[in-house]
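FYI, the numbering used here numbers position 54 of the sequence shown as 94, with every residue one higher than the one before it.
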Amino acid sequence: MSLPEQILAIQSAALEQVTTVGSVRDLEDWRVRYLGRKGELAGAISQLGAVSSDERRAAGQAANGAKAALQEAHSAKLAELKVSAKQDNALDVTLPGIAPVVGGLHLTRHTLYEIIRIFTGMGFTVFETNEVESDEYNFGLLNLPPDHPARDMWDTMYVSDDVVLRTHTSPGQIRAMRQFNPEPLRVILPGKCHRYEAVDASHESMFYQVEGLAVGEGITLASLKGVFEAFAQQMFGSDRKVRFRGSYFPFTEPSVEIDITCNCLGAGCAVCKGTGWLEVSGGGMVHPTVVRNGGYDPDIVSGFAFGMGVERNAMLRHGIDDIRHFYANDLRFLKQFA
Ligand SMILES: [Zn+2]
């Protein structure tokens, strides 16, 4: 068989075989066999130098024709396989996969779950209450009657004259106490809060808080300190210390700001402004009036309460310097924590 005849034979064998190809992988095998660098066509072409010039010319033409025909057959077959895969909705397991977009927890949710995990580990129960509250629960029953000057501590969004978007999770204290009394209780109250205030690096108009409340006989400020120390050490590191500073809230007496030692462990840095301490929470002993409003006798039981921002915890944990990142919906930020 002359070289041009050999090439034509390769072409017709290849064109016959391609009709039986049923998958992309088989098509690739076919391509390698006939059109590959060490394939049959290349093998025939490599013999061009060994034949007479007439035969070489004919063989060269045949080789060009065969190559074009095979490439066209390859493209046509590939297109056909793709169309039929779509039509059958068939899964060609030989095709590379398309990575699905995987969602993740928002940093706030992730941090909230961590806080819940730590407090439930200490025997606290999660108690969720209303995001839209009556003025009475948000303020009145928390020892903040109408016209109390301390109401100015919260810039409030009003739904109507006596209905508000809760400014803090504290109204849940009353609801929890009214449900549990006269039994002792240990709850955390997580939830969304709203403030009518200018948004800046450390203030959002919507944020998450976790309130903690324990009511029973013999509860003291030392109980709060012990609980908070255990929390801080699990949340931020076993070397953290807690300190209380005197403060004022209408619904606790005495009231404290709760600080933990900074990441710099007291050396002083930009985050703690050189003090070595970070404010993470406010709290104190539940005011006797609030204890009574919850249905307990303040002569028999006492309680501690605290409230803290979830975003604030996340910021201190991850070194985030601007709360506005949380709800700007920038995936570049959110993906770092998902
Ligand atoms: Zn520091």
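All C-beta atoms in this analysis are idealised placements derived from N, C-alpha and C, irrespective of residue type, glycine included.
For residue i: DSSP bridge partner residues
i    : result
W317 : T301
F289 : T292
F377 : BP columns for F377 are empty, so no partner.
Q249 : G231, G349
F159 : Paired residue(s): none; F159 is not in a bridge.
G343 : V255
D240 : H243
Helix, strand or coil at residue i [DSSP, three-state]
i    : result
F284 : strand
T165 : strand
F271 : helix
F276 : helix
M325 : strand
S42  : coil
A354 : helix
A216 : helix
S92  : coil
V255 : strand
S263 : helix
V172 : strand
G334 : coil
D69  : helix
Y74  : helix
V58  : helix
A108 : helix
Y367 : coil
P211 : helix
T134 : coil
Spatially closest choice to residue i from the options, by CA coordinates
i    : options                : result
D240 : L75, F366, A99         : F366
G316 : R280, G347, R332       : R280
M197 : M325, D175, S52        : D175
Q380 : I85, H114, A90, E251   : Examination of residue 380 is not possible in this model, given that the chain is present from 41 through 378 alone.
G62  : G76, V123, K78         : V123
T151 : Q274, N170, I47, A109  : Q274
Y336 : R218, L374, T60        : R218
M348 : V320, A307, N221, L261 : V320
P136 : R65, H146, E95         : R65
I300 : R97, C312, V282, Q46   : V282
L67  : M41, D94, E120         : E120
D339 : A262, K126, G258       : G258
R352 : S92, Y177, V58, I155   : I155
R235 : T209, R226, G256, E223 : T209
V230 : R149, N221, F271       : Per the sequence shown, residue 230 should be read as Pro rather than Val. Ranking the options by Cα distance to P230, first place goes to R149.
A103 : E45, V133, L147        : E45
Residue span of the beta strand (DSSP E) that contains residue i, given as start and end
i    : result
Y177 : Per DSSP, Y177 belongs to no beta strand (DSSP E); it is in the alpha helix (DSSP H), 175-178.
S200 : 197-200
R226 : 225-234
L205 : 203-205
Rounded Cβ spacing between residue i and residue j (contact assumed at less than 8 angstroms)
i    : j    : result
R206 : C233 : 6 angstroms
I214 : E251 : With 8 angstroms as the limit, I214 and E251 do not qualify as a contact, their Cβ atoms being about 11 angstroms apart.
F346 : F268 : 7 angstroms
L75  : L81  : 6 angstroms
A109 : I50  : Not a contact, Cβ separation roughly 11 angstroms.
N183 : F291 : 5 angstroms
E95  : L43  : 6 angstroms
Interface flag, residue i vs chain D, CB-CB below 8 angstroms
i    : result
Q274 : Here chain D cannot be found, since the structure has a single protein chain.
Continuous alpha helix (DSSP H) stretch holding residue i: start and end
i    : result
E244 : From DSSP, E244 is part of no alpha helix (DSSP H); its letter is neither H nor E.
G83  : 80-85
Ligand 3 heavy atom lying under 7 angstroms from the CB of residue i
i    : result
N183 : As far as ligands go, the structure on display features ligand 1 and does not contain ligand 3.
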